[in-house]
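The structure under discussion appears below in the form of structure tokens.
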Amino acid sequence: MSMFEDIPVDVGVIYEGERIRRNNMQIELGGPKQPAKFELVRAKKMDEIEDEKVTIIGPDLKDLPEGGNVPFGILIEVAGKAIEEDLEGVVERRIHEYCNFVEGIMHLNQRYDIWIRVSKKAFQKGLNSFTHVGKVLARLYKSELPFIEKIQITFITDPAKVKELHDQAMDVYEARDAKARGMKDDEVDTFYGCTLCQSFAPTHMCVITPQRYSNCGSISWFDGRASAQVDPKGPVFAIEKGEMLDAEKGEFSGINETIKQKTLGAVDRVWMYTGFGYPHTSCGCFEAMAFYIPEVEGYGIVDRGFKGVTVNGLPFSTLADSGAGGRQVDGFHGISIEYMRSPKFLEADGGWDRIVWMPQSVKDRVAEFMPETAKTNVATENDAKTVDELKVFLKEKNHPVLQRWTEEAEEVPEAEAEEAAEGTMFPVSTATVSAGGFKIIFKNAKIHAEKVIIKREKPKR
Ligand code: SF4
200 MSMFEDIPVD VGVIYEGERI RRNNMQIELG GPKQPAKFEL VRAKKMDEIE DEKVTIIGPD
260 LKDLPEGGNV PFGILIEVAG KAIEEDLEGV VERRIHEYCN FVEGIMHLNQ RYDIWIRVSK
320 KAFQKGLNSF THVGKVLARL YKSELPFIEK IQITFITDPA KVKELHDQAM DVYEARDAKA
380 RGMKDDEVDT FYGCTLCQSF APTHMCVITP QRYSNCGSIS WFDGRASAQV DPKGPVFAIE
440 KGEMLDAEKG EFSGINETIK QKTLGAVDRV WMYTGFGYPH TSCGCFEAMA FYIPEVEGYG
500 IVDRGFKGVT VNGLPFSTLA DSGAGGRQVD GFHGISIEYM RSPKFLEADG GWDRIVWMPQ
560 SVKDRVAEFM PETAKTNVAT ENDAKTVDEL KVFLKEKNHP VLQRWTEEAE EVPEAEAEEA
620 AEGTMFPVST ATVSAGGFKI IFKNAKIHAE KVIIKREKPK R
């Protein structure tokens, strides 16, 4: 008998990646419109849990308004002899995967940022109660993670209860994140890797170190250690650091060998503390994107929750697409908010001296960890809405990126340049032009120029 025979919809890995558009949704749970939403896993003692109990606080699926959007929370409590608090983060991250196995459910993001849709089709097939979802989750958890001996699941749609538990969940996330703060990458021999996101980003592997938190912001070095101990063959595993190849950029032989193996050779080199060269791969569930702004030679940061367009005129979604999918794209770098609190944050690129813009809400979240100078000279949407405004702001603040600007580039006397190049036709076999983070490659082109001005640029990093 199938494990899911009593569930009205199909369950399986083929439903991962299913997109549910607004017109096809029965209900939206959490998401950008809701200030409070969460998913949380807590470790409990064996006698504190009633196995496979599903509780619903507030209206059930069938009682929610068709096409509506409601506050939402999922609380999962687990127990077992091998279960400890450090496993909570890793167990929690699986909610995303297991919900997406259910036909007609789309689950995005994690922690305080979840966004779930249930399709009309699945609802009409009978997926009209959270009890079904709870049963699926409980069975998947117990079969896939055998260290879970007991599990109970609570779905919350009552707005006041969501808010109350959301606030408690935020404290739990903060306590988890704070645990590794102060530890240094140099002090450990083992890092941890996670390939959970390979289902949609096949060449992605998170390297989780004390000072470089996972991209999704849900798995710390301690969480990785606990998971690798109980489930060493699972998607979270130990990486022996091996030889340090470059201390500044953060290159280790053990990371290179592991990512090569885990991505079947597609990626074989990672520099952890930079967004250039061989940056850490970006999956798709990073909490924020660091994007290079060539005009000012600094990074902007934008998080998933920022609703407007950034200082370069692009929203989070467009910037995220530029780096996502498990790629290593120069200057488009997926990160977690917790990594911004780390002294290793983009250290090889100049760290905070290289950050020029970020949403005010992100600045507020990490302010405690920013150097005093950065607190005043990193612009937000309240200071600069365009790159030109940003330039003015950075000049006013005498931001450290000013030292990199090349406005005094030496010019070849124009007469000389014109003499050499006026009316010239250039045959070129291959020419590459880089601008704004994009590369344009001309092959076998003939370029006619009325005038060519040659300027010498100062070397950039
Ligand atoms: S972002 Fe990284 S740590 Fe988080 S689930 Fe994906 S691969 Fe794992």
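The opening residue of the sequence shown carries number 200 in the numbering used here; numbering runs sequentially from there.
Just so it is clear, CB atoms sit at the ideal spot from N, CA and C, and this is done for glycine as well.
Note that the coordinates shown come from a computational prediction; the quantities given were computed from them, not determined experimentally.
If we count the other Cβ atoms within 10 Å of its Cβ and call it buried at 16 or more, is Met557 buried or exposed? Its Cβ being crowded by 16 or more others within 10 Å, Met557 is buried.
Nearest to Ala321 (by Cα), restricted to the options Ile206, Asp502 and Asp445: The shortest Cα separation from Ala321 among Ile206, Asp502 and Asp445 belongs to Ile206.
Assuming the contact rule is C-beta atoms closer than 8 Å, Ala400 and Ala519 should be a hit. Round their C-beta distance to whole Å, please. In fact, because the Cβ distance is near 12 Å, the residues do not count as touching under 8 Å.
DSSP on Ala614, reduced to helix/strand/coil? Residue placement at Ala614 is poorly supported in this model, since its pLDDT is 44, which falls under 50; the coordinates are not used for a value here.
At what residues does the beta strand (DSSP E) containing Gly272 begin and finish? Judged by DSSP secondary structure, Gly272 falls within the beta strand (DSSP E) whose first and last residues are Phe271 to Ala278.
CB contact flag (Arg292, Ser417, <7 Å): Cβ atoms of Arg292 and Ser417: closer than 7 Å.
Own chain partners of Phe592 with C-beta closer than 6 Å, once the 5 adjacent residues on each side are dropped: Only Ala578, Asp582 and Ala583 meet the Cβ criterion.
Reference Gln233, options Ala465, Val212, Met202 and Phe271, closest by Cα: Measuring C-alpha to C-alpha distances from Gln233 to each of Ala465, Val212, Met202 and Phe271 identifies Phe271 as the nearest.
For His598, the residue or residues it bridges with in DSSP: BP columns for His598 are empty, so no partner.
Based on Cα-Cα distance, which residue from Ala278, Asp552, Pro258 and Gln351 lies nearest to Val269? Minimum Cα distance to Val269 is reached at Pro258.
Report the residue from Gly512, Trp604 and Val469 whose alpha carbon sits nearest the alpha carbon of Ala446. Measuring from the Cα of Ala446, the nearest candidate turns out to be Val469.
Check the Cβ-Cβ distances between Phe329 and every residue of chain C, and say whether any is below 7 Å. No chain C is part of this structure, which consists of one protein chain only.
Reducing DSSP to helix, strand and coil, say where Pro514 ends up. It is a strand residue.
Closest residue to Met143 among Glu343, Ala281, Phe490 and Val586 (Cα-Cα distance): Nothing can be reported for residue 143, as the shown portion of the chain is limited to 200 through 660.
Please confirm if the segment 540-547 is in contact with the segment 402-412, defined as three or more CB-CB distances below 8 Å between the two stretches. Counting C-beta pairs with one atom in each stretch, the segment 540-547 and the segment 402-412 have three or more that are closer than 8 Å, which means they touch.
Which of helix, strand or coil DSSP assigns to Thr408: DSSP places Thr408 within a strand segment (E or B) once states are collapsed to three.
If we ignore side chains and look at the alpha-carbon of each, how far apart do Tyr491 and Ile350 end up? As the crow flies, the alpha-carbon of Tyr491 is around 44 Å from that of Ile350.
In the DSSP assignment, find the alpha helix (DSSP H) that holds Ile248 and state where it starts and stops. No alpha helix (DSSP H) contains Ile248, which DSSP labels as neither H nor E.
For Thr221, count the other beta carbons within 10 Å of its own beta carbon; 16 or more makes it buried, fewer makes it exposed. Which is it? In the sequence as presented, Thr is not what sits at residue 221; that position holds Arg. A residue is called buried when at least 16 other Cβ atoms come within 10 angstroms of its Cβ; Arg221 does not meet this threshold and is exposed.
Would you decide whether Met539 is buried or exposed? Buried here means 16 or more other CB atoms lie within 10 Å of its CB. Burial state of Met539 is buried, judged by a 10 Å Cβ sphere holding 16 or more other Cβ atoms.
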